[in-house]
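Numbering (the numbering used here), first residue to last: 18 to 121.
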Ligand code: FES
């Protein structure tokens with residue numbers, strides 16, 4: 018899968034989340050932590066709530082707004098229940114003032 022341009026870099030501030038859509042209709046949640054951009058599937062593995070409604074801190078922990086499951090945006094791993102399955106992560110590059118993602 019090729020990199021896809023999904024957002025302008027300026028549209029994602031520090032500790033912010035942004036939901037974007039890939040060409041195949043898949044929704045991805047962009048996250049900026051400590052200046053770096055990460056991307057995970059925009060669907061919690063617990064009850065499919067959009068993770069982009071949650072919050073993220075400088076510890077890279079993204080908390081789902083519905084029941085409080087916590088994921089690490091760097092590798093998608095679960096840090097706190099009730100989720101049990103990790104979320105998928107995407108490769109990210111920032112180039113020409115734009116954010117690009119591609120499936121790993
Ligand atoms: S849907 Fe995310 S914790 Fe339940």
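Heads up, the beta-carbon is just placed ideally off N, CA and C, and yes, glycines get one too.
Note that the structure is predicted; figures quoted are calculated from it, not measured.
Of the choices the options, whose alpha-carbon is the least far from that of residue i?
i	options	result
residue 96	43, 40, 27 and 61	61
residue 27	21, 18, 53 and 19	53
residue 58	112, 25, 99 and 89	89
residue 40	101, 56 and 20	20
residue 104	50, 23, 91 and 113	91
Going by the CB atoms, is the gap between residue j and residue i shorter than 9 Å?
i	j	result
residue 38	residue 45	yes
residue 66	residue 84	yes
residue 87	residue 34	no
residue 71	residue 82	yes
For the beta strand (DSSP E) containing residue i, list its first residue and its last residue.
i	result
residue 46	44-50
residue 96	95-97
residue 36	34-38
Alpha carbon to alpha carbon, how far is residue j from residue i? Give it in angstroms, no decimals.
i	j	result
residue 99	residue 43	23 Å
residue 110	residue 36	16 Å
residue 18	residue 120	6 Å
residue 117	residue 25	9 Å
residue 79	residue 31	13 Å
residue 64	residue 102	11 Å
residue 75	residue 69	16 Å
(request) Let me have the residue list for the ligand NAP: C-beta closer than 5 Å to any non-hydrogen atom, ordered along the chain. (result) You won't find the ligand NAP in this model; what it holds is the ligand FES.
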